[in-house]
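Using our numbering, you'd call the opening residue of the sequence shown number 43 and step up by one each time.
Just so it is clear, CB atoms sit at the ideal spot from N, CA and C, and this is done for glycine as well.
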Amino acid sequence: MTLVRTAMSAGSDLRMGDLPLKGHERLFRERIPLPPAVRGRVVFTDADHWALLAEGIEAWGFRRMQERGELLDREAVALMWFSDEYEPVLALLREAGLHPGDSALDAEVYLRFARERYHVLRTHRWDDSVITRLQLRDGRKR
């Protein structure tokens, strides 16, 4: 048996096949240093989603700094994204019937609709018209 020390927690049920996912998660945590109290609320089962979300958060942070006219460190951007973007957007998606309700899927649901919102609608806003268009695309509103 070999003892391995890691920057990410690795339970006794960790398998070799889990290492790529853990590696991507570790890189995400370095780029987006969320506070420990909320870190566990952003979880993916697809390794590529960690990188996609990190890119999105960094772009969100850049836009936020532009709006505010001030430079923010990574910790401030991460916390602001979580409290000003992630949680409110998940609440909107739940209210609109676009979230299945399982909090374990929060990050997947957020990423899916944030990407769709931008790729299809070409906007970074979240408002009633965007939610309605996403509902129509998702087949949830007729």
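From residue i to residue j, what distance separates their C-alpha atoms?
i, j, result
"His166", "Glu158", "10 Å"
"Val172", "Asp115", "30 Å"
"Arg105", "Met122", "12 Å"
"Pro77", "Leu153", "20 Å"
"Leu176", "Glu97", "22 Å"
"Met107", "Gly181", "35 Å"
"Tyr128", "Glu137", "14 Å"
"Ala145", "Thr87", "In the sequence as displayed, the identity of residue 145 is Ser instead of Ala. Using only the alpha carbons, I get a separation of about 14 Å."
"Asp126", "Leu95", "15 Å"
"Ile99", "Thr174", "24 Å"
"Glu109", "Val85", "29 Å"
"Pro75", "Tyr160", "24 Å"
"Arg164", "Asp170", "15 Å"
"Glu112", "Gly82", "29 Å"
Which residue wins for smallest C-alpha separation from residue i, given the options the options?
i, options, result
"Val119", "Glu150, Leu94, Arg73", "Arg73"
"Leu69", "Ala93, Gly111, Tyr160", "Ala93"
"Glu117", "Ala101, Asp170, Arg71", "Arg71"
Measure the beta-carbon distance from residue i to residue j and round it to whole angstroms, keeping in mind my assumption that it falls under 8 Å.
i, j, result
"Phe124", "Val80", "6 Å"
"Leu178", "Phe155", "That pair is no contact at about 13 Å."
Assuming contact is defined by CB atoms lying nearer than 9 Å, are residue i and residue j in contact in what I supplied?
i, j, result
"His91", "Glu150", "yes"
"Trp168", "Pro130", "yes"
"Leu132", "Asp148", "yes"
"Leu63", "Ala89", "yes"
(request) Go through the region 147-173 residue by residue and report every complete run of the alpha helix (DSSP H) that reaches 4 residues or more, in order. (result) 148-163
(message) If we require 4 or more residues per run, which alpha helix (DSSP H) segments fall completely within the region 50-120?
(response) 61-73, 78-81, 89-110
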